[in-house]
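Peer 1: Numbering (this note's numbering), first residue to last: 43 to 259. Every residue gets a Cβ at the ideal spot worked out from N, C-alpha and C, and that includes glycine.
1) Report the rounded CA-to-CA distance for residue 94 versus residue 235, giving the unit in angstroms.
2) List, from N- to C-terminal side, the beta strand (DSSP E) runs of 3 residues or more that fit wholly inside the region 87 to 130.
3) Am I right that residue 186 and residue 228 are in contact with their C-beta atoms under 8 Å? What's the rounded C-beta distance?
4) Mind checking residue 125: buried by the 16 CB within 10 Å criterion, or exposed?
5) Could you spell out where the alpha helix (DSSP H) holding residue 196 opens and where it closes?
6) Does the region 163 to 170 come close enough to the region 206 to 220 that 3 or more CB-CB pairs lie under 8 Å?
7) Put residue 232 into one of helix, strand or coil per three-state DSSP.
8) Inspect the CB distances between the region 96 to 112 and the region 126 to 146 and report whether three or more fall short of 8 Å.
9) Identify which residue in 248, 215, 230, 57 has its Cα closest to the Cα of residue 194.
10) When the Cα of residue 142 is compared with those of 160, 123, 114, 131, which residue comes out closest?
11) Within 10 Å of its beta-carbon, does residue 73 have 16 or more other beta-carbons around it, so buried, or fewer, so exposed?
12) I need the boundaries of the beta strand (DSSP E) containing residue 80, first residue and last residue.
13) Distance check for residue 92 and residue 65, CA to CA, integer angstroms please.
14) Let me make sure I understand the geometry here. Which of 223, 70, 88 has the alpha-carbon closest to that of residue 181?
15) Which of the three DSSP states, helix, strand or coil, is assigned to residue 210?
16) Tell me, to the nearest whole angstrom, how far the beta carbon of residue 221 is from that of residue 190; I am working on the premise that it is less than 8 Å.
17) Count the other CB atoms, across all protein chains shown, that sit within 10 Å of the CB of residue 248; report buried if there are 16 or more and exposed otherwise.
18) Rounded to whole angstroms, what's the CA-CA distance from residue 54 to residue 69? Just pull it up for me.
19) Can you check which of these residues, 211, 239, 59, is closest to residue 199 by C-alpha distance?
20) How would you write the range of the beta strand (DSSP E) that residue 72 sits in, first residue to last?
21) Are the beta-carbon atoms of residue 287 and residue 63 separated by less than 8 Å?
22) So is residue 169 buried or exposed if we call it buried at 16+ other beta carbons inside 10 Å?
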């Protein structure tokens, strides 16, 4: 394993015990995280030289791939619900990130957790995205009262993918936590009705998925 990408510090995006295990098992592995949370890995005993703290606009070369950190809008905890970029907790730095990975001419966007915010569509369009892995679990007052910080929902994910010119939309963040589910079936129905030109794929557990340029054009 060459790289581990973490978007923010929630346990389903930065699993510290798993990171420690991976660091021990794979001495060559490097960890790429938002700069404000680097210390959360070093205090676990992962050497600082193996951790790359990043911010939007800092392009990284990862061997045959390139990585572009982009902003994400999320929150640490609730209530009260507060969705922002984490500047206040991080000395003006972005605390929540997404990543665009360019590999063999294919551009893949993984936002971690995010809402749609001003400027996101334009930024994503600049990458000519082939694949977007978008969360669909949404948010609600009652879930936020249980400290479940939310995301875009099924319709917002489809709207974002279509507006950004994504070729293939793959939903995420919908079946890990029983109290915080999304509905991929609703996503498929909405896409077929509103954006018939948008390809959407719901992968089966444990099944390999292969994509080549032109598959979703």
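Peer 2: Looking at the atomic coordinates:
1) Taking the chain shown and counting its residues from 1, the one referred to as residue 94 is at position 52. Taking the chain shown and counting its residues from 1, the one referred to as residue 235 is at position 193. Computed Cα separation, rounded: 42 Å.
2) 93 to 96, 102 to 104, 107 to 113
3) Along the chain shown, one-based indexing puts residue 186 at 144. Along the chain shown, one-based indexing puts residue 228 at 186. That belief does not hold up - the Cβ atoms of residue 186 and residue 228 are roughly 21 Å apart, past 8 Å.
4) As a first step, residue 125 must be located in the chain shown, where it is residue number 83. Classification for residue 125: buried.
5) As a first step, residue 196 is located in the chain shown; it is residue number 154 there, counting from the start. Unbroken alpha helix (DSSP H) run through residue 196: 196 to 205.
6) yes
7) If you number the chain shown from 1, residue 232 lands on position 190. Helix, per DSSP.
8) yes
9) Reading the chain shown from its first residue, position 152 is the one you call residue 194. Nearest of 248, 215, 230, 57 to residue 194, Cα basis: 215.
10) One-based indexing of the chain shown puts residue 142 at position 100. It is 114 whose Cα lies nearest to the Cα of residue 142.
11) To locate residue 73, count along the chain shown from 1; it is residue 31. Buried, by the Cβ-count rule.
12) Here the question's residue 80 lines up with position 38 in the chain shown. Where residue 80 is concerned, there is no enclosing beta strand (DSSP E), although the alpha helix (DSSP H) it sits in stretches over 80 to 84.
13) Position 23 of the chain shown holds residue 65. Position 50 of the chain shown holds residue 92. In a straight line, the C-alpha of residue 65 is about 9 Å away from that of residue 92.
14) Counted from its first residue, the chain shown places residue 181 at position 139. Residue 223 is the option with its Cα nearest to residue 181.
15) Looking up residue 210 in the chain shown gives position 168. Residue 210: strand per DSSP, three-state reduction.
16) In the chain shown, the residue the question calls residue 221 occupies position 179. In the chain shown, the residue the question calls residue 190 occupies position 148. Confirmed, Cβ separation roughly 6 Å.
17) On the chain shown, position 206 is the one that residue 248 refers to. Its Cβ having fewer than 16 others within 10 Å, residue 248 is exposed.
18) What you label residue 54 is simply residue 12 of the chain shown in a count that begins at 1. What you label residue 69 is simply residue 27 of the chain shown in a count that begins at 1. Residue 54 and residue 69: Cα-Cα distance of roughly 23 Å.
19) To locate residue 199, count along the chain shown from 1; it is residue 157. The option with the nearest alpha carbon to residue 199 is 211.
20) In the chain shown, residue 72 corresponds to position 30, counting from 1. Segment 72 to 76, the beta strand (DSSP E) holding residue 72.
21) Since the first residue shown for the chain is 43 and the last is 259, residue 287 is missing from the structure and cannot be characterised.
22) The count along the chain shown starts at 1 and reaches residue 169 at position 127. Buried, because 16 or more other Cβ atoms sit within 10 Å of the Cβ of residue 169.
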